[in-house]
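This report refers to the structure that appears directly beneath it.
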Amino acid sequence: MRSVPKKGSPLPGAVVVIPTYREKDTIAAIIDRVLSSVPTVNVLVVDDNSPDGTGAIVDGIAAADERVNIMHRTEKNGLGTAYVAGFGWALGQGYDFIIEMDADGSHQPEELPRLLALLEGGANLAIGARWIPGGKTENWPWYRKLISRSGTTYARIMLSSKLHDITSGYRGFSADTLRALDLSKLDSAGYCFQIELAWLVERSGGNVGEFPITFVERLEGQSKMTSGIVVEALSKVTSWGIASRLGRIPKSQALSARTPDSSDQAA
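If you count the sequence shown from 1, position 67 lands on 67 in the UniProt record's numbering, and the numbers rise without skipping.
Structural data, given as structure tokens:
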């Protein structure tokens with residue numbers, strides 16, 4: 001892993017963290033689209049020892065482009081842990097904004113400027129939302145939409161959340177927000193990590209902005225979504241909701257309000 005940009009390359013304000021496992025068919029195109037959409041961002045790929053050679057593909061891209069970095073992990077250990085590892089690296093490098101993005105093409109890199117605009121405008125957390133006016137999904141069968149919308153609604157009710165798409169994985173944080181949160185105490189390592197982290201920001205009084213996105217079901221490779229992931233999310237959300245209602249979840253440390261600043265640039 002190259003831990004710092006090459007000498008002479010100014011550190012930009014934003015990094016896009018992309019976890020990968022078996023994404024050889026999509027990762028090169030996604031990186032290219034990210035850098036074409038916002039040429040001044042950096043990319044960090046967190047690869048969980050993909051057996052299909054995903055890591056080697058990114059190694060080649062990183063060798064040719066100083067904006068691209070890769071973290072090689074030894075095993076597949078959950079989406080949440082991959083992001084937390086990426087967050088730790090990004091915070092150590094001094095980035096201002098840290099973005100989450102899927103490697104399979106479901107999140108459109110061309111929508112990245114709108115996400116960055118929300119963060120630059122003072123949001124602690126910016127979420128690309130499917131279930132607000134202007135948001136939509138493509139190539140999803142009706143039952144996938146039903147599962148996603150039902151899960152989002154259930155999470156909103158159980159967690160008393162005002163977010164319209166708390167399960168969305170297309171999101172970005174200010175670095176100060178992630179520093180203020182105790183990520184070591186997160187209860188989830190899988191996909192429900194997204195719900196837990198957004199809820200933590202919300203409970204801490206953070207400024208959360210949502211903007212409409214087009215979510216496109218992957219056309220290449222194999223979906224990582226399984227029934228086990230759905231069951232885990234339902235179980236976690238239910239337990240968090242009950243514990244919160246019973247006062248068993250400690251009050252979160254309040255996040256400092258963010259205001260637009262001339263230094264908040266995605267470089």
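In this text, a Cβ means the ideal position worked out from N, Cα and C, and glycines have one as well.
Going by alpha carbons, who is nearest to residue i out of the options?
i: valine 45; options: Leu125, Ala64 and Val15; result: Val15
i: proline 19; options: Asp104, Val231, Ala233 and Gly247; result: Asp104
i: aspartate 187; options: Thr153, Ala126, Ile249 and Ile166; result: Ile249
i: leucine 163; options: Gly53, Thr54 and Leu125; result: Leu125
i: glutamine 93; options: Lys76, Gly80 and Asn69; result: Asn69
i: threonine 54; options: Thr74, Val84, Val34 and Arg22; result: Arg22
i: aspartate 47; options: Ile57, Val38, Thr40 and Pro39; result: Ile57
i: isoleucine 147; options: Pro133, Gly78, Gly134 and Asp165; result: Asp165
i: arginine 144; options: Glu217, Phe211 and Arg203; result: Glu217
i: leucine 183; options: Ser36, Phe87, Ile31 and Asp65; result: Phe87
i: phenylalanine 211; options: Glu111, Thr137, Leu234 and Leu159; result: Glu111
i: glycine 134; options: Val17, Ala29 and Phe215; result: Phe215
i: threonine 26; options: Met71, Ser36 and Asp102; result: Asp102
i: phenylalanine 173; options: Leu79, Ala233, Glu202 and Glu232; result: Glu202
Does DSSP put residue i in a helix, a strand or coil?
i: proline 133; result: coil
i: aspartate 104; result: coil
i: proline 19; result: strand
i: glutamate 138; result: strand
i: proline 109; result: helix
i: isoleucine 166; result: coil
i: serine 263; result: Because serine 263 carries a pLDDT of 40, less than 50, the predicted location of this residue cannot be relied on, and no value is offered for it.
i: valine 208; result: strand
i: glycine 241; result: helix
i: isoleucine 249; result: coil
i: residue 325; result: Because the chain here runs from 1 to 267, residue 325 falls outside it and cannot be looked at.
i: alanine 189; result: coil
Excluding the five sequence neighbours on either side, which residues of its own chain have a C-beta within less than 6 Å of the C-beta of residue i, listed in chain order?
i: alanine 123; result: Asn207 and Gly209
i: serine 3; result: At serine 3 the pLDDT is 43, less than 50, meaning the model places this residue with poor confidence and gives no usable figure here.
i: glycine 241; result: Met158 and Leu159
What residues in its chain sit with their C-beta under 8 Å from that of residue i, if we drop five residues either side in the sequence?
i: residue 268; result: The structure shown does not extend to residue 268, since the chain spans only 1 to 267, so no value can be given for it.
Considering just the uninterrupted stretch of the alpha helix (DSSP H) at residue i, what are its terminal residues?
i: arginine 156; result: 142 to 159
i: glycine 92; result: 79 to 93
i: glycine 60; result: 54 to 64
i: aspartate 32; result: 27 to 37
i: alanine 198; result: 193 to 203
Should residue i go down as buried or exposed, given a rule of 16 or more other Cβ atoms within 10 Å for buried?
i: lysine 24; result: buried
i: aspartate 176; result: exposed
i: alanine 243; result: exposed
i: serine 263; result: Here serine 263 scores only 40 on pLDDT, less than 50, and its place in the model should not be relied on; the value that follows carries that caveat. Per the 10 Å Cβ criterion, exposed.
i: lysine 7; result: With a pLDDT of only 34 at lysine 7, under the threshold of 50, the placement of this residue in the model should not be trusted; the figure read from the coordinates follows. That one is exposed.
i: arginine 179; result: exposed
i: arginine 245; result: exposed
i: isoleucine 157; result: exposed
i: tryptophan 89; result: buried
Starting from residue i and walking both ways along the beta strand (DSSP E), at which residues does that stretch end?
i: serine 174; result: 171 to 174
i: leucine 44; result: 42 to 47
i: alanine 214; result: First, the amino acid is wrong: residue 214 is threonine here, not alanine. Per DSSP, threonine 214 belongs to the beta strand (DSSP E) from 214 to 216.
i: valine 68; result: 68 to 72
With a threshold of 7 Å on Cβ separation, who are the neighbours of residue i within its own chain once the five nearest residues in sequence on each side are excluded?
i: glutamate 75; result: Asp48 and Asn49
i: glutamate 232; result: Gly190 and Cys192
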